[in-house]
Amino acid sequence: GANGLAPAFADELPEIVVTADRVEEPIGQTGASITVIHAAEVEKLGTKGFADVLQGVAGLDVYEAGGVGGVTQVRLRAAQPGETLVLIDGIRVGNTTSTDGSVDFGNLSTVDIDRIEILRGPQSALYGSDAMGGVINIITRKGGKTPRRNVTVEAGSYGTLSTRASMSGSDGAWTYSLGINALHSDGFARYGYRIDHPIIIGDGVTPLPPLPADDPTDKGGVSGRFSYKVSDDVSVDFGFSVFGNAIRFDNPGAFLASDVFNPFNHSRVFVGDAFVRANIDSFGGALKSQITAFGNVTRNDVWETEACYDGNLAYPFPALFNCRNSYLGTRYGAEYQGDLKIGPFGSLVFGAKTETETASENEDPNPNDGSFTPISAQQTTNSLYAEHRLTLFQRLDLTFGGRIDAVENGPSFDTWRATAAYHIDETGTKLRASAGSADKAATLYQRFSIYGTSDLLPEQSVGFDAGIDQKLFNDRLTASATLFSTKYHDLVAYGDVSSCSPAQIMGFLGCYYNVGRAEMQGVELSADATLVPGVLRAKATYTYTDARDLGVAGTGDLDAGLQLYHIPRNKGSLSLIYDGVANLEIEPRLSLVGQRIDEYFNETTFTSQNVNLGSYAKLDVLANYKVNDNLSMFARIENLTDTRYEEVYNYGTAGRSYYAGISYSW
6 GANGLAPAFA DELPEIVVTA DRVEEPIGQT GASITVIHAA EVEKLGTKGF ADVLQGVAGL
66 DVYEAGGVGG VTQVRLRAAQ PGETLVLIDG IRVGNTTSTD GSVDFGNLST VDIDRIEILR
126 GPQSALYGSD AMGGVINIIT RKGGKTPRRN VTVEAGSYGT LSTRASMSGS DGAWTYSLGI
186 NALHSDGFAR YGYRIDHPII IGDGVTPLPP LPADDPTDKG GVSGRFSYKV SDDVSVDFGF
246 SVFGNAIRFD NPGAFLASDV FNPFNHSRVF VGDAFVRANI DSFGGALKSQ ITAFGNVTRN
306 DVWETEACYD GNLAYPFPAL FNCRNSYLGT RYGAEYQGDL KIGPFGSLVF GAKTETETAS
366 ENEDPNPNDG SFTPISAQQT TNSLYAEHRL TLFQRLDLTF GGRIDAVENG PSFDTWRATA
426 AYHIDETGTK LRASAGSADK AATLYQRFSI YGTSDLLPEQ SVGFDAGIDQ KLFNDRLTAS
486 ATLFSTKYHD LVAYGDVSSC SPAQIMGFLG CYYNVGRAEM QGVELSADAT LVPGVLRAKA
546 TYTYTDARDL GVAGTGDLDA GLQLYHIPRN KGSLSLIYDG VANLEIEPRL SLVGQRIDEY
606 FNETTFTSQN VNLGSYAKLD VLANYKVNDN LSMFARIENL TDTRYEEVYN YGTAGRSYYA
666 GISYSW
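For any residue, its number in our numbering is found by taking its place in the sequence shown, counting from 1, and adding 5.
What follows is the structure, given as structure tokens:
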């Protein structure tokens, strides 16, 4: 859904959201473009990952490289994966050792989620760096007065077996919620599976060797959230999550055919985060304060053939050394946020935050190392922000806010945002608009690796959207339409340019530099209709995105004017929910994705080229039967028509697949 009135594939609308303005508020009051997916919808998909949960959201593109466990990235309104901010319970997550700082959703779990709030458009005035395309806030379940326990087991195609368990409740002043999950999948050969066109390996001559039986995945995690009520005015929250993912992958750039599918190619990822937050009400509730301390860590160990470099060569050419690269990234800090009611003048949200990021890399073994230096760096960002919220004439909700972020030993940047929502209650209409700016500070890798440029400017964008939300036929139909436009400049690119250091130029390394420009504009539509009360409902979304690479000013950039990678101009979804038989729900879901452009790196010429990914239609069918108050059975057929398609060039996707499971609650 484009606005929260018609969330993509959500059963019903939560009354309250927190992401739109950093405080709890009725979703109808915000002028921002927001979608909410809550627990009931996530649980429909069994133990599937975020790639499936987020697939039907308007304005959002998700792609997975080679099935379960493969790198899974998300783009909001065509922004790069690292330009979408991801939060868990309001705490920023992401891999500080990656080139763009993006989140690999394949490493996260959908267990014990209360809801997912997706806020589109520039949001740096609220959340700081990275919130250029928008914000995805994953909110975990809180404990309630009534104890709740659940165990779910699922099995299916590609040797998949998964389990999850959760419990929540309260004990005196305490509330608690805990979840645990585990999944194994034999998977399939990530590179080349069900690909019809010829594939050549890294030497530029040899065809892809026969595919192995599979590339297995093992993943699991545990999460918890606790709250203690100290008094009527003070409470303390504590949350944590730990996820692990072990996969085997393929090395398509290998020069030796035997190394492409060598079992040595595997990785292990560990992701952990925790926070403690004090909630304090003062002055009779006029001031609500939150004081938060947080930290997260990502450890990634990668064993790969032909991955080490021979420092004795004048040109840093990949040597035939098999090695392990270990990456360790951390993020920690503290934040104060206040929400002050100022009577007829509305309310003021204000706060301050300090956050430190670190990144380190270790390469072992590398017998001839001499030219490649592992990264070991950190940077701290200090921030101040405020937003004024005001309601006029009981119809018009307004906000205006700004933020200053200062990177120590780096640039500072300021951002702003304004929203408006006008309600015409007589006709069930809401008119809304928002505008703002956003910045993304250069990552540690872009600043301090051997390819780094320490004085990179932040990427910048300015955007706006305007829309209408309409209820019709006694609320049997809710429909939304949104127009949006965003312009980007100073985008970070990589290349061998004159601005590189002498060592980078002499070593043919290249460097990161500010140069890129892009423009995105489009339309987001959504509708949620009750066709036959108590029998049949329908939900649909459509997104048109014109996302153009404007290239490098004053040059003959060949990519200038082309659609950005992985972004279809046209994308839609349709879901029919039949529940005309007691305790039974059947839901076919159709996903329609238009043609896209991807980038393919030619290992022989060491150049990149653009390739086309064809359009496709994918049909899934979900069924759920409630046996009694405690026991439910569910089943899914994915890709019913056995469609062959690619989300990432040369990486396979699953064919027709069958899954079934049981869920027991008490």
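Backbone N, C-alpha and C define an ideal beta-carbon position, used for all residues, glycine too.
- In the DSSP assignment, Q342 falls within the beta strand (DSSP E) that extends over 328-346.
- Scanning its chain for C-beta atoms nearer than 6 angstroms, with the 5 sequence neighbours on each side dropped, one finds around S454 the residues I380, in chain order.
- If you draw a straight line from the Cα of V632 to the Cα of A640, it is about 14 angstroms long.
- Counting along the chain, F489 sits inside the beta strand (DSSP E) bounded by residues 482-500.
- About 37 angstroms separates the CB atoms of A552 and M511; that is not less than 8 angstroms, and the two are not in contact.
- I572 is classed as buried because its beta carbon has at least 16 other beta carbons within 10 Å across all chains shown.
- Between K576 and L597, the CB-CB gap stays under 8 angstroms.
- Rounded to the nearest whole angstrom, the C-alpha separation of D501 and L514 is 7 angstroms.
- Here Y390 is near F355, since their CB atoms are less than 8 angstroms apart.
- Contact annotation: F275 and G249 have beta-carbon atoms nearer than 8 angstroms.
- With a cutoff of 8 angstroms on beta-carbon distance, I42 and R120 are scored as near each other.
- In terms of Cα proximity to E652, the closest of N305, Y198, R273 is Y198.
- Here D603 carries a strand assignment [DSSP, helix/strand/coil].
- Separation of T385 and D306 (C-alpha to C-alpha, rounded to the nearest whole angstrom) is 25 angstroms.
- In the three-state reduction of the DSSP assignment, D264 falls in the helix class.
- Note on geometry: alpha-carbon atoms of G539 and N629 lie some 16 angstroms from one another.
- Taking G619 as the centre and dropping the five residues before and after it, the same chain places the C-beta of Q600, Y650, E651 closer than 8 angstroms to its C-beta, in chain order.
- Across the structure, R437 and S263 are spaced so that their CA atoms are roughly 58 angstroms apart.
- For S596, the enclosing beta strand (DSSP E) stretches over residues 589-598.
- Counting only the Cα atoms, D176 lies some 15 angstroms from D242.
- Straight through space, the alpha carbons of F606 and P507 are spaced by roughly 26 angstroms.
- In the DSSP assignment, E643 falls within the beta strand (DSSP E) that extends over 636-643.
- Under the criterion of beta carbons closer than 8 angstroms, T77 and D105 do not qualify as touching, at roughly 15 angstroms.
- Taking the C-beta atoms as reference points, L581 is found no nearer than 8 angstroms to E590.
- Taking C-beta atoms under 8 angstroms as the contact rule, Y669 and G161 fail to qualify, at a distance of about 18 angstroms.
- Q475 has T434, A484 as its beta-bridge partners, per DSSP.
- Shown here, N100 sits in coil according to DSSP, grouped into three states, outside any helix or strand.
- The beta carbon of S417 sits closer than 8 angstroms to the beta carbons of I409, D410, A411 from its chain, once the five residues preceding and following it are set aside; these are given in chain order.
- In the three-state reduction of the DSSP assignment, L213 falls in the coil class, being assigned neither a helical nor a strand state.
- Closest option to A45, judged by alpha-carbon separation, among D26, V116, D344, R27: V116.
- Note that the C-beta distance between G433 and Q475 is below 8 angstroms.
- For S236, no alpha helix (DSSP H) run applies, since DSSP gives it neither H nor E.
- Spanning the alpha carbons of D191 and L627 requires a straight line of approximately 22 angstroms.
- W308 sits buried, since 16 or more C-beta atoms from the chains shown fall within 10 Å of its C-beta.
- For G657, DSSP records no beta bridge to any residue.
- In the DSSP assignment, V626 falls within the unbroken beta strand (DSSP E) covering 621-631.
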